[in-house]
Amino acid sequence: MTVTYNKSGELTIDGTSLKTIAQSYGTPTIVYDENQIREQMRRYHKAFQHNDIGYVLSYASKAFTCIQMIKLVEEEDFDLDVVSEGELYTAIEAGYDPKRIHFHGNNKTKQEIQYALSQGIGYFVVDSLDEIAVLDTYATDTVDVLIRVNPGVEAHTHEFIQTGQEKSKFGLSLKHGLAEQAVELIQQSHHLHLKGIHFHIGSQIEETTGMIETAKMVLEWLDHHALEIELLNLGGGFSVEYVEGDQSFDIEQGITEIVQAVKQKCRELDYPIPTLSIEPGRSIVAEAGVTLYEVGTIKDIPTVNKYISIDGGMSDHIRTALYDAKYKVLLVNRNEAADQVVTLAGKLCESGDILIHEASLPSSVARGDYLAVLSTGAYHYSMASNYNQIQKPAVFFVANGKAREVIKRQSLRQLIINDVK
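Taking this note's numbering, I'd label the letters of the sequence shown as residues 3 to 423.
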């Protein structure tokens with residue numbers, strides 16, 4: 003990350019003072035290093051180009067989406083994945099080309115399917131057998147589809163973010179013949195064209211073994227059934243560094259390993275090399291984002307625990323409660339060595355509203371100080387809620403010494419705008 007202390011002892015992101023942002027715009031506020039986002043995207047492009055293969059990069063908008071983020075995605079020549087009518091609507095409002103949009107999801111509603119068809123999106127990722135009939139019923143012209151297969155692979159990650167294991171709600175089983183049934187139904191349909199295969203084995207994946215072995219399995223399955231495809235979508239889920247000891251996915255080495263393994267397997271099978279696609283989200287935005295908070299109550303329980311509470315919580319930081327995710331926090335106001343371990347707590351009415359169970363901070367931290375929780379660029383704003391009627395935070399992009407607001411802080415009026423009086 004580009005988070006460092008300047009000569010004045012203030013924490014900065016890409017050279018811009020986070021203290022100034024907090025004082026000027028309030029907290030909680032999520033701040034992204036825009037140049038870092040762009041650099042991650044460009045690294046993926048360069049890695050595929052270096053390996054001389056047809057490819058499509060697609061940003062997983064569920065990690066973080068807003069109109070300005072989608073415009074950035076377009077500028078960096080990425081396609082876009084959506085999983086809901088709302089994500090699709092945001093993309094359309096941003097002026098994004100619908101032909102470069104792909105619709106995922108294990109339970110697309112009839113309304114979502116009709117809306118996506120009316121917008122002329124690039125393709126649907128079919129996730130169930132009955133979805134095929136619904137798509138075919140509402141389609142009036144040829145529609146490209148990918149089949150999301152369930153490979154029965156258990157990724158080495160938290161059970162809640164594994165998605166390729168046999169009991170997952172996602173995908174159509176290779177082992178139990180559901181993927182083969184899907185192919186037959188698509189071939190019998192009036193409007194659907196099988197463009198390719200998709201799989202996704204999980205999130206926070208540090209190395210390539212699982213993805214490579216799954217790709218080989220899928221290629222063998224395709225070859226066995228004499229099915230030629232245009233596109234093989236390997237999913238995403240590449241890892242990032244949340245705390246020391248975590249391993250960020252090595253984009254250059256990892257993509258090289260994946261591409262060369264796919265090429266080799268295709269040569270062994272004498273199978274045409276398909277265009278490859280991946281869907282990074284977390285690895286593009288997570289490490290580029292920090293969340294700023296103001297310190298409030300400090301509660302020191304002798305011989306038990308010390309709680310430092312901030313003005314946000316699980317309404318904008320739910321991943322610790324969901325996955326026991328780990329994070330690092332830094333004092334924004336001044337550069338001092340951490341000499342105490344505390345619990346960083348939120349202000350919401352849940353005992354589980356904890357951001358960091360064992361946070362290292364200086365003992366000088368006091369009410370009114372600002373803190374920055376690192377690597378909060380993915381699945382923080384997108385999972386934010388209004389629990390306790392807490393307003394969703396503001397979001398800023400920082401680039402070249404300037405901060406620009408990309409999402410305004412939710413107002414009190416917006417909390418009740420849909421209430422009926």
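Don't be surprised by glycine CBs; every beta carbon is placed ideally from N, CA and C.
Just so we're clear, the structure is a prediction, and the values are computed from it rather than from any experiment.
Quick test of your reading: Tyr-61 and Val-75, contact by CB under 8 Å. State the CB separation rounded to the nearest angstrom. Within the sequence shown, numbered from 1, the residue matching residue 61 stands at position 59. Within the sequence shown, numbered from 1, the residue matching residue 75 stands at position 73. Confirmed, Cβ separation roughly 5 Å.
Rounded C-alpha distance that separates Leu-224 from His-52: For the purposes of this step, residue 224 is taken as residue 222 along the sequence shown, with counting starting at 1. For the purposes of this step, residue 52 is taken as residue 50 along the sequence shown, with counting starting at 1. Cα to Cα, the separation comes out at about 27 Å.
The region 106-123 in contact with the region 236-251 per 3-pair CB rule at 8 Å: Not touching, per the Cβ criterion.
With three or more C-beta pairs closer than 8 Å as the rule, is the region 286-295 touching the region 370-378? Flag = yes, the region 370-378 and the region 286-295 touch.
Give me the residue from Gly-237, His-195 and Gly-198 with the minimum Cα distance to Thr-210. Residue numbering aside, residue 210 sits at position 208 when the sequence shown is read from its first letter. If we check each option's Cα against that of Thr-210, Gly-237 comes out closest.
The beta strand (DSSP E) spanning Tyr-295 covers which residue range? Here residue 295 is taken as the residue at index 293 of the sequence shown, counted from 1. Following the DSSP letters along the chain, one finds Tyr-295 inside the beta strand (DSSP E) bounded by residues 291-303.
Look up Asp-138 in the DSSP assignment and say whether it is helix, strand or coil. Here residue 138 corresponds to residue number 136 of the sequence shown, with the count starting at 1. Three-state DSSP puts Asp-138 in a helix.
Return the chain-ordered ranges of every beta strand (DSSP E) run that is complete within the region 44-123 and spans a minimum of 3 residues. DSSP runs (the beta strand (DSSP E)) wholly in the region 44-123: 57-62, 81-84 and 103-105.
Cα separation between Asn-235 and Ile-69? The sequence position of residue 235 within the sequence shown is 233, counting from 1. The sequence position of residue 69 within the sequence shown is 67, counting from 1. Asn-235 and Ile-69: Cα-Cα distance of roughly 25 Å.
Nearest to Ile-303 (by Cα), restricted to the options Ala-290, Ser-413, Thr-345 and Phe-126: Here residue 303 corresponds to residue number 301 of the sequence shown, with the count starting at 1. Ranking the options by Cα distance to Ile-303, first place goes to Thr-345.
Buried or exposed for Asn-335, please, with buried defined as at least 16 other CB atoms from any protein chain shown within 10 angstroms of its CB. Position 333 of the sequence shown, counted from the first residue, corresponds to residue 335. Buried, since its Cβ has 16 or more Cβ neighbours within 10 Å.
Spatial neighbours of Asp-146 within its chain, please: CB distance less than 6 Å, with the 5 preceding and 5 following residues excluded, ordered by chain position. Residue 146 sits at position 144 when you count from the first residue of the sequence shown. Scanning its chain for C-beta atoms nearer than 6 Å, with the 5 sequence neighbours on each side dropped, one finds around Asp-146 the residues Tyr-125, His-195 and Lys-197, in chain order.
Taking the beta carbon of Glu-360 as the centre, do at least 16 other beta carbons fall within 10 Å, making it buried, or is it exposed? The count along the sequence shown starts at 1 and reaches residue 360 at position 358. Label assigned to Glu-360: exposed.
Three or more C-beta pairs closer than 8 Å, one from the region 123-141 and one from the region 98-105: is that the case here? Cβ pair count under 8 Å is three or more, so yes.
Starting from the C-beta of Tyr-7, find all residues in its chain whose C-beta is less than 6 Å away, skip the five residues before and the five after it, and write them out in chain order. Along the sequence shown, one-based indexing puts residue 7 at 5. Cβ contact annotation for Tyr-7 (same chain, cutoff 6 Å, sequence separation greater than five): Leu-13 and Asn-337, in chain order.
Return the first residue and the last residue of the alpha helix (DSSP H) that Arg-369 is part of. For the purposes of this step, residue 369 is taken as residue 367 along the sequence shown, with counting starting at 1. Unbroken run through Arg-369: none, as it is neither H nor E.
Which value, in whole angstroms, describes the spacing of the CA atoms of Ala-181 and Ile-207? As a first step, residue 181 is located in the sequence shown; it is residue number 179 there, counting from the start. As a first step, residue 207 is located in the sequence shown; it is residue number 205 there, counting from the start. C-alpha separation (whole angstroms): 24 Å.
Return the chain-ordered list of same chain residues with a C-beta closer than 8 Å to the C-beta of Glu-161, the five sequence neighbours on each side being excluded. Here the question's residue 161 lines up with position 159 in the sequence shown. A caution first: Glu-161 carries a pLDDT of 46, below 50, which makes its placement in the model unreliable, though a value can still be read off. Closer than 8 Å at Cβ, skipping near neighbours: no residue.
Beta-carbon proximity check, Gly-173 vs Val-151, cutoff 9 Å: On the sequence shown, residue 173 is found 171 positions in, with the first residue counted as 1. On the sequence shown, residue 151 is found 149 positions in, with the first residue counted as 1. Cβ distance < 9 Å, so Gly-173 and Val-151 count as in contact.
Looking at the structure shown, is Leu-236 part of a helix, part of a strand, or coil, going by DSSP? Position 234 of the sequence shown holds residue 236. The answer is coil: DSSP assigns Leu-236 none of H, G, I, E or B.
Leu-278 to Gly-291, Cα distance in whole Å? Here residue 278 is taken as the residue at index 276 of the sequence shown, counted from 1. Here residue 291 is taken as the residue at index 289 of the sequence shown, counted from 1. Leu-278 and Gly-291 have their alpha carbons spaced roughly 28 Å apart.
Three or more beta-carbon pairs under 8 Å between the region 392-404 and the region 321-332, yes or no? Using a C-beta cut-off of 8 Å, the region 392-404 makes no contact with the region 321-332, since fewer than three inter-stretch Cβ pairs fall below that distance.
Reduced DSSP secondary structure (H/G/I, E/B, other) of Ile-231: Looking up residue 231 in the sequence shown gives position 229. Coil.
Between which two residues does the alpha helix (DSSP H) carrying Gly-198 extend? Here residue 198 refers to the residue found at position 196 of the sequence shown. Note, Gly-198: premise wrong, no alpha helix (DSSP H); beta strand (DSSP E) at 194-200.
Using C-beta distances below 6 Å, list every residue in its chain close to Ile-163, excluding the 5 sequence neighbours before and after it, in chain order. On the sequence shown, residue 163 is found 161 positions in, with the first residue counted as 1. Caution is warranted here: a pLDDT of 37 is assigned to Ile-163, below 50, making its placement in the model unreliable, and no coordinate value can be reported.
Give the range of the beta strand (DSSP E) segment to which Lys-404 is assigned. Your numbering for residue 404 matches position 402 in the sequence shown. In this chain, the beta strand (DSSP E) harbouring Lys-404 covers 404-409.
Using CA atoms only, rank isn't needed, just tell me which of Ser-377, Lys-308, His-319 and Thr-322 is closest to Leu-363. If you number the sequence shown from 1, residue 363 lands on position 361. Among Ser-377, Lys-308, His-319 and Thr-322, the Cα nearest to that of Leu-363 is on Lys-308.
Leaving out five residues on either side along the sequence, give the residues of the same chain with a beta carbon under 6 Å from the beta carbon of Glu-259. Taking the sequence shown and counting its residues from 1, one reaches residue 259 at position 257. Contacts found: Thr-210.
Out of curiosity, what's the CA-to-CA distance linking Pro-30 and Phe-201? The residue labelled residue 30 in the question sits at position 28 within the sequence shown. The residue labelled residue 201 in the question sits at position 199 within the sequence shown. Distance between the alpha carbons of Pro-30 and Phe-201 is about 36 Å.
Given a threshold of 16 other Cβ atoms within 10 Å of its Cβ, counted over all protein chains shown, does His-227 qualify as buried or as exposed? Within the sequence shown, numbered from 1, the residue matching residue 227 stands at position 225. Its Cβ having fewer than 16 others within 10 Å, His-227 is exposed.
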